[in-house]
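For reference, the structure is listed below as structure tokens.
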Amino acid sequence: MNHERMYVLMNRALDGELSVEEGYQLKNHLAECQECAVQWESLQSLDALLSNTELVPAPLSLRRRVSVQVLHRAPKRSFAKLLATLTASAAAALGVTPAVAVVGYGLWITFRSPTEIGDLVLWIKKLLETRSILFQALIDVGVISTKSLITDHQQILLAIISICGALGAGLLFWWLQRPRTILVQG
Amino acid sequence: MYEDHTLVSQVLEGDAEAFTLIVRRHETPVYNLALRMLGNPAEAEDASQEAFLRAYSKLRRYDKTYSFRTWLLSITSNHCIDRLRKRRIKWLSLDEPLSTEDSLKMASSSAGPELVYENSQRERMVQDLLDTLTPEYRAVVILHYWYGMPYDEIARSLHTTVSAIKSRLYRARRMMAEAAKEETVNHVEMVGGV
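If you're matching them up, the sequences are chains D and U in order. Quick note on this note's numbering: the first sequence kicks off at 243 and runs consecutively. Quick note on this note's numbering: the second sequence kicks off at 47 and runs consecutively.
Spelled out as structure tokens, the structure:
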């Protein structure tokens, strides 16, 4: 019988994978082949040696070293959160609120007259008309101090800048809040 | 006691301190794997630290459908294999590193002197046998014997197939058994010569 095949069966036996039939084959072969019997004995000794070796405790310094490295490189959460919250709030107040107010006011004007519901062109027209009303309101509360400085084009530009600012603040908020990772070489 | 997955989620949410609990839970298996692979306590500690930091940096890539321990040991074993490849030339050095035997002596200081001696002899023999193997074979033997990992988990950890793992383990056993036999013969000759 093939010695290599018997060697595979010996390994399968050590791993507890041997079938009953394979077990008989191996047993019969070992009874006849001195060379394989010696090999089987040495494999069993090796298996026992490796299986009976215990784990040693990790040095206490390992935990400390890893913790220091990780905590040192972790984000400063409280500061980041505060900064992000303040930035996002300010940007939202300056950017999102006027934009929402413009749209909201336009909707209110449109829905106030039932006959005009569903007329998109008219709605947009109304929206553009109400733009000046809104900015007048902003002027009144002192956000914009001088009406003459604000032309129609500047109003549109200001609205675009406000929306971009709000989006930027959102991105900054997301960036500051993400879990920081460590870059390790190798 | 928190589960690994819970701790991983906490770390990903920015709670770096949760990672210290992960370290506490897995430091012994990680350190022992590195110690068996490298055979030197100081280097094993460095490798363990590096493995934990790599795990921390790659935590987003961890697939929660698999065992966290297996994933961590995979990082450790692959890192140790890299280290062994890099220092291969150093194996020829005559400098004797602090052996695992010394590490065990320190660890079992409360045990009796005879037991300590017996353990240290066994440790030394095991480490000598492991040292006869290539890094890839060594990793398979360690993950199989000390961590009881099934073949498919070892294969996943070492990025290879189950048949390759079986082949490595079978060959490693043969190599170690032959090395053990030679060592016994040398020992008998040495004792006989005295």
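Using N, Cα and C, we set each Cβ at its ideal position, and we do this for glycine too. Treat the numbers as computed from the prediction; the structure is a model and nothing was measured.
DSSP on residue i, reduced to helix/strand/coil?
i, result
"D/Val-298", "coil"
"D/Ala-411", "helix"
"U/Trp-117", "helix"
"D/Gly-265", "helix"
"U/Thr-207", "coil"
"U/Met-195", "coil"
"U/Asp-177", "helix"
"U/Lys-132", "helix"
"D/Cys-275", "coil"
"U/Lys-212", "helix"
"D/Asp-436", "A query on residue 436 of chain D cannot be resolved here, the shown segment of chain D reaching from 243 to 428 and no further."
"D/Glu-283", "helix"
"U/Thr-111", "coil"
"D/Lys-367", "helix"
"U/Asp-61", "coil"
"U/Asn-124", "helix"
"U/Asn-78", "helix"
"D/Trp-416", "helix"
"U/Glu-228", "helix"
"U/Glu-49", "coil"
"D/Asn-270", "helix"
"U/Asn-86", "coil"
"U/Asn-165", "helix"
Suppose the cutoff is 7 Å on Cβ atoms and the five residues either side in sequence are ignored; what does the same chain contact list for residue i look like?
i, result
"U/Asp-198", "Val-208"
"U/Asn-78", "Trp-192"
"U/Asp-177", "Gly-85"
"U/Ala-226", "Leu-175"
"U/Arg-82", "Leu-176, Ile-188, Trp-192"
"D/Gln-267", "Leu-251"
"U/Tyr-216", "none"
"D/Ala-290", "none"
"U/Arg-129", "Leu-84, Ala-93"
Can you name, in chain order, every residue of its own chain whose Cβ lies under 6 Å from the Cβ of residue i, other than the five neighbours on each side?
i, result
"U/Leu-53", "Ala-64, Leu-67, Ile-68"
"U/Tyr-183", "Arg-214, Ala-218"
"U/Asp-141", "A caution first: U/Asp-141 carries a pLDDT of 47, below 50, which makes its placement in the model unreliable, though a value can still be read off. Cβ within range, chain order: n/a, list empty."
"U/Met-195", "Leu-189"
"D/Leu-260", "Arg-254"
"D/Glu-264", "Leu-251"
"D/Trp-417", "none"
Please identify the residue among the options whose C-alpha is closest to the C-alpha of residue i.
i, options, result
"D/Tyr-249", "U/Ala-225, U/Lys-227, U/Arg-219", "U/Arg-219"
"U/Ala-223", "D/Leu-260, D/Leu-409, D/Ser-284", "D/Ser-284"
"U/His-125", "U/Tyr-108, U/Asp-177, U/Val-76, U/Ala-88", "U/Val-76"
"U/Arg-100", "D/Gly-258, D/Glu-264, D/Val-308, D/Arg-254", "D/Val-308"
"D/His-314", "U/Ile-200, U/Ala-62, U/Arg-71, U/Lys-212", "U/Ala-62"
"U/Gly-60", "U/Glu-49, U/Ser-103, U/Arg-71", "U/Ser-103"
"D/Leu-304", "U/Arg-202, U/Leu-58, U/Thr-74", "U/Thr-74"
"D/Val-298", "U/Asp-174, U/Thr-116, U/His-72, U/Phe-98", "U/His-72"
"U/Gln-56", "U/Ser-203, U/Thr-180, U/Arg-106", "U/Arg-106"
"U/Thr-111", "U/Thr-180, U/Asp-128, U/Lys-227, U/Asp-50", "U/Asp-50"
"U/Ser-113", "U/Met-221, U/Glu-169, U/Ser-203", "U/Ser-203"
"U/Asp-174", "U/Ala-97, U/His-205, U/Leu-58, U/Glu-228", "U/Glu-228"
"U/Ala-97", "U/Pro-87, U/Arg-82, U/Leu-119", "U/Leu-119"
"U/Arg-70", "D/Asn-294, D/Pro-301, D/Trp-282, D/Phe-415", "D/Pro-301"
"U/His-205", "U/Trp-117, U/Asp-92, U/Arg-168", "U/Trp-117"
"U/Asn-168", "D/Leu-288, D/Glu-371, D/Val-280", "Inspection of the sequence shows that residue 168 of chain U is occupied by Arg rather than by Asn. The candidate whose alpha carbon is nearest that of U/Arg-168 is D/Leu-288."
"D/Asp-257", "D/Ala-273, D/Glu-274, D/Gln-286, D/Tyr-266", "D/Gln-286"
"D/Glu-296", "U/Arg-131, U/Arg-170, U/Tyr-216", "U/Arg-170"
"D/Val-312", "U/Thr-230, U/Leu-58, U/Tyr-216", "U/Leu-58"
"D/Gln-281", "D/Glu-246, D/Leu-413, D/Leu-409, D/Leu-399", "D/Glu-246"
Report the CB separation of residue i from residue j in whole angstroms; it is logged as a contact under 8 Å.
i, j, result
"U/Leu-189", "U/Ser-94", "No, U/Leu-189 and U/Ser-94 are not in contact; Cβ-Cβ is about 15 Å, not under 8 Å."
"D/Leu-430", "U/Val-186", "Past the boundaries of the shown model lies residue 430 of chain D; chain D is included only from 243 to 428, so the question cannot be answered."
"U/Pro-181", "U/Ile-127", "4 Å"
"U/Leu-179", "U/Met-221", "6 Å"
"U/Ala-80", "U/Ala-90", "4 Å"
Near residue i, what residues of its chain come up, given a Cβ to Cβ distance below 8 Å and the 5 sequence neighbours on each side ignored?
i, result
"U/Ala-201", "Thr-207, Val-208, Ala-210, Ile-211"
"U/Tyr-163", "none"
"D/Thr-327", "Phe-415"
Using only the heavy atoms of the ligand GTP, determine whether one of them is closer than 8 Å to the beta carbon of residue i.
i, result
"U/Ala-88", "For the structure depicted, the ligand GTP is absent and the ligand set is empty, with no information on it obtainable."
(request) Output, in sequence order along the chain, the residues in the segment 177 to 194 of chain U whose CB is closer than 8 Å to any CB in chain D. (result) Listed by position along the chain: Val-187, Tyr-191, Trp-192.
(request) Pull out every residue of the segment 83 to 101 of chain U whose Cβ sits closer than 8 Å to any Cβ of chain D, in chain order. (result) Closer than 8 Å at the C-beta level to chain D, one finds these residues of the segment 83 to 101 of chain U: Pro-87, Glu-91, Ser-94, Gln-95, Glu-96, Phe-98, Leu-99, Arg-100.
(message) If the cut-off is 9 Å on Cβ atoms, which residues from the segment 198 to 218 of chain U count as contacting chain D, listed in chain order?
(response) Taking a C-beta cut-off of 9 Å against chain D, the contacting residues of the segment 198 to 218 of chain U are Lys-212, Leu-215, Tyr-216, listed in chain order.
(request) Report the residues of the segment 260 to 285 of chain D with a CB closer than 8 Å to any CB of chain U, ordered along the chain. (result) Residues passing the 8 Å Cβ filter: Gln-281, Ser-284, Leu-285.
(message) Counting only Cβ-Cβ distances shorter than 9 Å, please list the residues of the segment 114 to 133 of chain U near chain D, keeping chain order.
(response) Taking 9 Å as the Cβ-Cβ cut-off against chain D, the residues of the segment 114 to 133 of chain U that qualify are His-125, Asp-128.
(request) Could you name the residues of the segment 65 to 83 of chain U whose beta carbon sits closer than 8 Å to any beta carbon of chain D, in the order they occur along the chain? (result) Per Cβ criterion, the list reads Phe-65, Thr-66, Val-69, Arg-70, Glu-73, Thr-74, Pro-75, Val-76, Tyr-77, Asn-78, Leu-81.
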